[in-house]
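Student: Using our numbering, the first residue of the sequence shown is number 2, and each one after it goes up by one.
Below are the structure tokens for one structure; questions will follow.
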Amino acid sequence: MSTQSDIPFVPSKEYLAREKRFYDAVALTKPDRVPVASLAAFFVTRYSGLTNAEAMSDYEKTAKAWLSSTKKLNWDMAPPPFTMFPSPVMEKLGLRTFVWPGKHLSENLPYQFVEKEYMLADEYDELLANPSDFVIRKVLPRMAESLEPLGLLPPLHWLSSGYTIIMFLASMVGVPPVKNMLQKLIEVGDEMNKFNAAQAKLIQELASAGYPLITFAFAQAPFDWISDNLRGMRGSMLDIYRQPDKLLAAIDLFTPFAIQSAIGAAKTSGITRIFIPLHRGAGGFMSNEQFEKFYWPSLRTLILELIKEGLLPMPFFEGDYTSRLPYLAELPRGKVLGHFDVVDLVKAKKMIGDIMCFWGNIPAQMLVTGNPSQIKDYVKHLIDIFGDNGGLILDGSVDGIPPESKPENVEAIMEAAVEYGTYS
């Protein structure tokens, strides 16, 4: 989906000032004020009175709420609306990889990913031999009810001739299950077009109001790609011990794809900031030795290649990354924006404070159950630690701002940024 209109966008002074403030902090150059930028999703819509179920199903209401909340909160970057998945699309697909509010969950719970071994332990060889064929004929039918007929296809390499196109493929699309699937996919495409159009309009309206969108493209660490989407946490962790060579081969296979898909999305959108949610790399999931072998090399390659393309990698270090700080110190100075959930703040400042801008990490529990005074004290604490070189951007810890956060606590973040974080 392109975020560009036919009319060239001319950024306002407010837009440019917010963007400069953000990039000054990333480059470890003191901005005029500590920026506030969040990955918040459901909080933004809840703040404007929508339930989570409404936010995922009514694209126009969601866009209006997003714009209204962004203006009221007055953050320096608008949060990314693409994290608000369209539930009608998931419904039409018969998606098995998610449960969502209004169908499986109560209307104000967030959607949840359904983790499963969508690739079995003995299927690595099939994946490695022909990844496209394996994903299309094996993985997708397991992930979505509407895509089950893909499992009826023969190996895709067998279709690579003019004879088989005539004799098999043309006949195959007339088989009732396949024909029904194609008709369903047309409905899915029509619904997705509505969602994309609403998002494109929203992004343009945000920009016209002076708010840059913090990110549009995202990437996954190659280990997470396999663990999240194919093997599940249990399966991938067992693979570390039972079939490490095949796991590493799959990581190597997916690394170039992760790089190119992120670059392509950035070029399409024109937004050069790449969000990278990290799931399995935290200290509670694997040892440093395992991190160094299975996780860090491909993640580092991904980050460095994005930097070479002139993009800004924004890894979201979910979980405790204190033990990983020595690895993060290997990254180039002022080229990465790290969003932190749990980390020893003093150690982070000592080890990466002159390498990477610190983004986060106001505790979720404080935003939900605390009070504005506590929020302001914590923000001041962050500024006292990281503000000397300007390398700080404020946000909550987990998923940006929890949807259950008290509005007055969230509003206190910007108030504290102005009160304690104005440099000039």
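All residues carry an ideal CB built from backbone N, CA and C; glycine is no exception.
Alpha helix (DSSP H) containing M34: first to last residue?
Tutor: Position 33 of the sequence shown, counted from the first residue, corresponds to residue 34. The sequence as given places Arg at residue 34; Met does not occur at that position. Looking at the DSSP string, R34 is not in any alpha helix (DSSP H), and its letter there is neither H nor E.
Student: Thinking Q200 and F83 are a contact (beta carbons under 8 Å), I'd like their distance in whole angstroms, please.
Tutor: Within the sequence shown, residue 200 is the residue found at index 199, counting from 1. Within the sequence shown, residue 83 is the residue found at index 82, counting from 1. Yes, Q200 and F83 are in contact; Cβ-Cβ is about 7 Å, under 8 Å.
Student: Please give the ranges of any alpha helix (DSSP H) in the stretch 323-363, keeping only runs that are unbroken, at least 4 residues long and fully inside the region.
Tutor: Counting whole runs of 4 or more residues, the stretch 323-363 contains the alpha helix (DSSP H) stretches 326-329 and 346-353.
Student: Among V179, E412 and G392, which one has its Cα closest to the Cα of P150?
Tutor: Position 149 of the sequence shown, counting from 1, holds the residue named residue 150. Measuring from the Cα of P150, the nearest candidate turns out to be V179.
Student: In whole angstroms, what separates the C-alpha of L40 from that of G401?
Tutor: For this step, residue 40 is matched to residue 39 along the sequence shown. For this step, residue 401 is matched to residue 400 along the sequence shown. Between L40 and G401, the C-alpha separation is close to 5 Å.
Student: Would you decide whether E15 is buried or exposed? Buried here means 16 or more other CB atoms lie within 10 Å of its CB.
Tutor: Against the sequence shown, residue 15 aligns to sequence position 14. Exposed, by the Cβ-count rule.
Student: Tell me which same chain residues have a C-beta within less than 7 Å of the C-beta of E409, skipping the five on either side of it?
Tutor: Taking the first residue of the sequence shown as position 1, residue 409 is located at position 408. P373, listed in sequence order.
Student: Identify, in the order they occur along the chain, each residue of the same chain with its Cβ nearer than 6 Å to the Cβ of V136, setting aside the five sequence neighbours on each side.
Tutor: Walking along the sequence shown from the start, residue 136 turns up at place 135. There are no such residues.
Student: For Y164, count neighbouring C-beta atoms within 10 Å of its own C-beta (all shown protein chains included) and say buried if the count is 16 or more, exposed if not.
Tutor: Reading the sequence shown from its first residue, position 163 is the one you call residue 164. When all chains shown are included, Y164 counts as exposed.
Student: Evaluate the contact criterion for the stretch 323-343 versus the stretch 393-407: three or more CB pairs, one atom per stretch, below 8 Å.
Tutor: Short answer: they touch.
Student: Kindly indicate which three-state DSSP category M315 falls into: helix, strand or coil?
Tutor: Counting from one through the sequence shown, the residue named residue 315 turns up at place 314. Residue state, collapsed to three classes: strand.
Student: Under DSSP, the beta strand (DSSP E) around F276 begins and ends at which residues?
Tutor: For this step, residue 276 is matched to residue 275 along the sequence shown. Note, F276: beta strand (DSSP E), R274 to L279.
Student: Which value, in whole angstroms, describes the spacing of the CA atoms of E92 and F23?
Tutor: What you label residue 92 is simply residue 91 of the sequence shown in a count that begins at 1. What you label residue 23 is simply residue 22 of the sequence shown in a count that begins at 1. Cα to Cα, E92 sits roughly 38 Å from F23.
Student: Going by beta carbon distance, what residues of the same chain come within less than 6 Å of F217, once the five residues before and after it are set aside?
Tutor: Mapped onto the sequence shown, residue 217 falls at position 216. Correct list, in chain order: S270 and I272.
Student: What number of angstroms, rounded off, separates the C-alpha of F196 from the C-alpha of G190?
Tutor: Sequence index remark: in the sequence shown, residue 196 carries index 195 (1-based). Sequence index remark: in the sequence shown, residue 190 carries index 189 (1-based). The alpha-carbon atoms of F196 and G190 are separated by roughly 10 Å.
Student: From what residue to what residue does the beta strand (DSSP E) around L395 run?
Tutor: Here residue 395 refers to the residue found at position 394 when the sequence shown is read from its first residue. It spans L393 to G397 - the beta strand (DSSP E) in which L395 sits, taken as one unbroken run.
Student: Apply the 10 Å Cβ neighbour rule to K336 and answer buried if 16 or more other Cβ atoms are within range, or exposed otherwise.
Tutor: Translated into positions along the sequence shown, residue 336 becomes position 335. Buried: at least 16 other Cβ atoms inside 10 Å.
Student: Pairing CB atoms from the stretch 102-116 with CB atoms from the stretch 51-64, are three or more of them under 8 Å?
Tutor: With the cut-off at 8 Å, the stretch 102-116 and the stretch 51-64 touch.
Student: To which residues of the same chain is I260 closer than 8 Å at the C-beta, ignoring the five residues directly before and after it?
Tutor: The residue given as residue 260 occupies position 259 in the sequence shown. The residues are A220, T302, L303, E306 and L307.
Student: Are I376 and G422 touching if we call contact CB-CB under 8 Å?
Tutor: In the sequence shown, residue 376 corresponds to position 375, counting from 1. In the sequence shown, residue 422 corresponds to position 421, counting from 1. No, the pair does not count as a contact, with Cβ atoms beyond the cut-off.
Student: Please report the residue range of the alpha helix (DSSP H) in which Y125 lies.
Tutor: Within the sequence shown, the letter at position 124 stands for residue 125. Run containing Y125: Y125 to A130, per the alpha helix (DSSP H) assignment.
Student: With distance defined between alpha-carbon atoms, name the residue in F292, E61 and E20 nearest to Y328.
Tutor: Translated into positions along the sequence shown, residue 328 becomes position 327. With distances taken between Cα atoms, Y328 lies closest to F292.
Student: Between which two residues does the alpha helix (DSSP H) carrying A79 extend?
Tutor: For this step, residue 79 is matched to residue 78 along the sequence shown. First-last for A79: undefined, no H or E at that position.
Student: How big is the Cα-Cα spacing for L129 and A250?
Tutor: Walking along the sequence shown from the start, residue 129 turns up at place 128. Walking along the sequence shown from the start, residue 250 turns up at place 249. Distance between the alpha carbons of L129 and A250: 8 Å.
Student: Please state whether DSSP places D59 in a helix, a strand or coil.
Tutor: The residue given as residue 59 occupies position 58 in the sequence shown. In the structure shown, D59 sits in coil (DSSP, three-state: anything other than H, G, I, E or B).
Student: Check whether the stretch 170-189 touches the stretch 137-156, counting contact only when three or more Cβ pairs, one atom from each stretch, lie closer than 8 Å.
Tutor: Enough Cβ pairs lie closer than 8 Å, so yes.
Student: What are the boundary residues of the alpha helix (DSSP H) that W226 is part of?
Tutor: Here residue 226 refers to the residue found at position 225 of the sequence shown. From DSSP, the alpha helix (DSSP H) with W226 extends over P223 to I227.
Student: Would you tell me roughly how many angstroms separate the C-alpha atoms of T4 and Y296, rounded to the nearest one?
Tutor: The sequence position of residue 4 within the sequence shown is 3, counting from 1. The sequence position of residue 296 within the sequence shown is 295, counting from 1. Because T4 carries a pLDDT of 48, less than 50, the predicted location of this residue cannot be relied on, and the following value inherits that uncertainty. Near 32 Å, if we compare the C-alpha coordinates of Y296 and T4.
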